[in-house]
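> Provided herewith is a single structure, encoded as C-alpha cells, for subsequent inquiry.
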Amino acid sequence: MLPKQRNLSQTMLDADQLASLQQTIGSYSPLQLAWASGYLAAKSEQSSVAVLPAAQAAVSSTLTILYVSQTGNAKGVAQQLAQSAEAAGITVNLKNVADYKAKSLKSETHLLIVASTNGEGEAPDDGLEFHEFLFSKKAPKLPNLKYSVLALGDSSYEFFCQTGKDFDERLKALGATQVSARVDCDVDYDSDAKAWSTQIVETLKEELTSSADALAPVVNLPVSNSADSSYNKQNPYAAEFLVSQKITGRESAKDVRHIEIDLGESGLTYQPGDALGVWFENDQVLVDELLQLLAFSGDEQVTFSKDDSEQTLAISEALVSVFEITQTAPSFVDFWAKTSGSAELLTLAEDKNALREFAANHQLVDILKLAPAQVTPQELIDTLRKMTPRLYSIASSQAEVDEEVHLTVGLVSYERDGKTRLGGASGYLAQRLEEGAKVKVFVEHNDNFRLPESDDTPVIMIGPGTGVAPFRAFMQEREARDAGGDNWMFFGDQTFTQDFLYQVEWQNYLKSGLLTKMNVAFSRDQAEKIYVQDRLKEQAKEVFAWLERGAHLYVCGDANRMAKDVHNTLLEIIAEQGGLSTEQAEDYLKTLRVSKRYQKDVY
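One rule links them: number in this note's numbering = place in the sequence shown (from 1) + 523.
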C-alpha cells in the first residue's frame, strides 16, 4: 500500500463504523448535528477548548428566519431573504412560526422575523401561539439573541404593522439586541423589504460565515416549496379574459360580476381557498381628469424606482400603469393638506381615525377638487403609492373548471360631485376589460383557508355578498372528491330577488344532498334588517352541536362589520350552549383558530 493510500485509509471510517455513525445521528435535530460537529472537531484537534463553546459556535452559525403570514406576503419575503442569506454562505433555518417550537428561542443567537398583521392589530392565525408565548411568563430571557423584525401592514388601518411592533418590543424587553432597526412596510412593500433584507445579509454575513467553514453543514429546511409555475407576483401571467357576467338583478343596488379567466398553458394551479392576484390599469378618463386639474399636459417626464432600477415615463403613462390613484393613502391627504393649506384637510390630519376614514372614501381626484393646489409632476409622483395587485378569493375548483379560474367581483362605485367614481381593479374587470383581452394574473396561495384534510369532516360556511366566492369553490371541490362530510351554508345580501348570488347552483346542491343545510338572510326584504349573524343565533343549538362533533368553521367577506359581528355572535353561542363564561368561550374559539378549525378570509 502506498503511503498516501495508507494515510487515507486511516482517516476514513470503515463500513461498520460508518453504519454505526449513521444510526447514531439519524435521529439528531439540525442543532444537535451542529453541536456534534463542533464536539468532534474539538476532539480531533485535542484542543483545550471546552465542548460548550464549540457547540455555541456551531449554533451561532445558523440564522433562523420565521415568517408570520396570513395571505402569503410575509412568506414570500422570508423565502427571498433566506435565498439571499444562503447565497451569501449563511446557513438558514426557515420556518413558518406555526411550525416553530417557541421554547427553542433560548437557544437561538440570530433571529429574523417577517410578520404580517390582521386588520384589528392581532397576529395572523399561524402566529397566535407564538405571540401568546412571547408575552407570557414562560418566555425566556434572551440576552444572547440578536434579532430584527420586518413588519408588513397597511397604513389605512388603525393598527398599522402591530404584530411586527409587538414582536420587536417584546424581544427587546426580554433582553435581545437589535442587529438592525425594525422596518414597517406599507402595502407597497417590495423596495423597503428588499433594502432591509440586503442590509441584514450584509451585516450578518461576516459574523455568520466566519466559523461555518470548519463545521459540517447544518441541515436546512427547504427555502420554498416546489413551484408548479414560474409565474408569480413579480412575473404575472398574461391570461385571456373570457367572461364578465352580471349576476345581480337589474334593480339591485349592487353590480356583482361572475368573472372567468383562462390560465391556458401557464401551469398555474390553485386550491379552494386561494386567491387570484390581478394587476390592473387605471382608467385613462380618470387620469385625464387629474391632469386637467393639475394643469399638466401629460407628457411631463417623471422618475421613480421600480424593479430595482430607476425608470422614467411620461406622467400620463405612469398614472395609468404604475401608481395608485383610486385608493388614497392617509399620508397623501396629510401631504395635500400642508400643500394646499386647506383648513378642512389640516383639521382632518390632526385626527388619525378621521384621516383614515376620509382617505378610504375619497379618491385622489376628489381631494384635488376639494383643495386646489399647484405641485410639479415629480412632486406629485413622489407622494403616491405604487400600484399593488388586488387579491380576489377564487370562486372555482380546478377539479371542475380545469385551466379556468373564476372570480366573484363587486364593482366599487359611488357618486361624488355629479360624477361616478369606480374602483381601480373592479372597474377594470367589470367595465373596461373586453372579452378576449389579456389580464396579468398570479395565484396567491392561502394555507390559512383550507378545506379539512378528511372529506368526512363537516363544514360551516359563512359568506354574505361576494364572500360567497370561496365557498362556491369549496362545494365544487367537495363534489369532485365525493366528500361525505356535511356542508352548511349561511348566505346574506340585500334582497332575495336581486342579490341571491349563484342561487340556482345552491339550490341544485341542496337538491343533490351535497349541501346539507342553507340559511339565508336578506336584510331589506322586511322592515327589520336581518343579517347572517341573526341566522346563526336562530340556529345556535345546532351550530354548537356541529362544532362539538368536529366541524370546521369558515368566514369570508367584510372585515370591518360582518366578521366582527359574526365573531361576537359565535362567542355568545358557545358561551350559552356550552355553559361557559365569556373568557372560556374566547378560549374555545381561540383553540379552534389554532387548530385550523376556525378560518377567516376577510377584507
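We put the CB at the ideal spot given by N, CA and C, even for glycine.
How big is the Cα-Cα spacing for THR585 and PRO647?
Answer to the nearest angstrom: the Cα atoms are 26 Å apart.
> Quick check on the burial criterion: 16 or more other C-beta atoms within 10 angstroms. Buried or exposed for ALA960?
With fewer than 16 other Cβ atoms within 10 Å, it is exposed.
> Is it right to say THR594 is buried, meaning 16 or more other beta carbons lie within 10 angstroms of its own, or is it exposed?
THR594 is buried by the Cβ-count criterion.
> Can you list, in chain order, the residues of its chain with a C-beta nearer than 6 Å to that of PHE855? Leave out the 5 residues immediately preceding and following it.
If we look at PHE855 and ignore the five residues flanking it on each side, its Cβ neighbours are THR906.
> Note down, in chain order, each residue of its chain lying with its Cβ closer than 6 Å to the Cβ of HIS929, except the 5 sequence neighbours on either side.
GLU783, ALA918, SER919, listed in sequence order.
> Between which two residues does the beta strand (DSSP E) harbouring VAL1078 extend?
Its beta strand (DSSP E) spans residues 1075-1080.
> Would TRP802 pass as a contact of VAL935 if the rule is Cβ separation under 9 Å?
It is not a contact, given that the beta carbons lie outside the stated cut-off.
> Take every Cβ of the region 695-713, pair it with every Cβ of the region 664-684, and state whether three or more of those distances are shorter than 8 Å.
Contact between the region 695-713 and the region 664-684 is present, because at least three Cβ pairs lie under 8 Å.
> Taking its Cβ as the centre, do 16 or more other Cβ atoms sit within 10 Å of GLY1073, making it buried, or is it exposed?
It is exposed - the Cβ of GLY1073 has fewer than 16 other Cβ atoms within 10 Å.
> From the DSSP output, in three-state form, read off GLU927 for me.
Three-state DSSP puts GLU927 in a strand.
> Should GLY687 and ALA704 be called a contact, given that it needs their Cβ atoms to be closer than 9 Å?
No; because the gap between Cβ atoms is not below 9 Å, this pair is not in contact.
> Name the residue from THR1018, LYS942, LEU836, VAL779 whose alpha carbon lies nearest to the alpha carbon of SER949.
Ranking the options by Cα distance to SER949, first place goes to VAL779.
> On the DSSP bridge assignment, give the partners of GLN701 in chain order.
GLN701 pairs with TYR670.
> Specify the secondary structure class of THR640 as computed by DSSP and reduced to three states.
Three-state result, THR640: coil.
> Should GLY787 and GLU823 be called a contact, given that it needs their Cβ atoms to be closer than 9 Å?
No, Cβ-Cβ distance for GLY787 and GLU823 is not below 9 Å.
> CB-CB under 7 Å to ASP1057, same chain, minus the five flanking residues each way: which ones, in chain order?
Within the same chain, ASP1057 has close Cβ partners ALA1044.
> Residues in its own chain within less than 6 Å of VAL672 by CB, not counting five upstream and five downstream?
If we look at VAL672 and ignore the five residues flanking it on each side, its Cβ neighbours are ILE636, GLY687, PHE690, ASP691, ARG705.
> Can you grab the Cα-Cα spacing for the pair LYS629 / VAL591, in whole Å?
The alpha-carbon atoms of LYS629 and VAL591 are separated by roughly 19 Å.
> Locate the alpha helix (DSSP H) running through HIS654, then write down its first and last residues.
Its alpha helix (DSSP H) spans residues 651-657.
> How would you write the range of the beta strand (DSSP E) that GLN593 sits in, first residue to last?
Neither: GLN593 is in no beta strand (DSSP E) and is coded neither H nor E.
> Could you tell me the boundaries of the beta strand (DSSP E) in which ASN619 lies?
Start and end: 614-619.
> Does the region 885-893 come within contact of the region 706-715, defined as at least 3 CB pairs closer than 8 Å?
No, the region 885-893 is not in contact with the region 706-715.
> Given 8 Å as the limit, is there contact between the region 1078-1087 and the region 612-620, that is, 3 or more CB pairs closer than that?
Verdict: no, contact absent.
> Give the straight-line distance between the Cα atoms of SER720 and ALA611, rounded to the nearest whole angstrom.
Near 12 Å, if we compare the C-alpha coordinates of ALA611 and SER720.
> For VAL966 and ASP649, what's the separation of their Cα atoms in angstroms?
Near 20 Å, if we compare the C-alpha coordinates of ASP649 and VAL966.
> Alpha carbon to alpha carbon, how far is ALA896 from ARG1001? Give it in angstroms, no decimals.
Rounded to the nearest angstrom, the two C-alpha atoms are 57 Å apart.
> Does DSSP put GLN757 in a helix, in a strand, or in coil?
Three-state DSSP puts GLN757 in coil, outside helix and strand.
> Do you know how far the Cα of LEU651 is from the Cα of GLN834?
Answer to the nearest angstrom: the Cα atoms are 41 Å apart.
> Which partner residues does TYR915 have in the DSSP bridge list?
Looking at the DSSP assignment, TYR915 forms a beta bridge with LEU799.
> Going by beta-carbon coordinates alone, are LYS1119 and HIS1075 separated by less than 9 Å?
In this structure, HIS1075 lies closer than 9 Å to LYS1119 by Cβ.
> Hey, THR989 and GLY864: beta-carbon distance below 9 Å or not?
No; because the gap between Cβ atoms is not below 9 Å, this pair is not in contact.
> Is it buried or exposed for GLY599, if we count other Cβ within 10 angstroms and need 16 for buried?
Result: buried.
> Bridge partners of THR585, per DSSP?
Beta-bridge pairing links THR585 to THR614.
> Using the beta-carbon count (16 or more within 10 Å), is GLU1051 buried or exposed?
So GLU1051 counts as exposed.
> When you compare the CB positions of HIS633 and GLU730, do they come within less than 9 Å of one another, or not?
Their beta carbons are under 9 Å apart, which means HIS633 touches GLU730 by this criterion.
> What first and last residue would you give for the alpha helix (DSSP H) that runs through VAL724?
Per DSSP, VAL724 belongs to the alpha helix (DSSP H) from 713-732.
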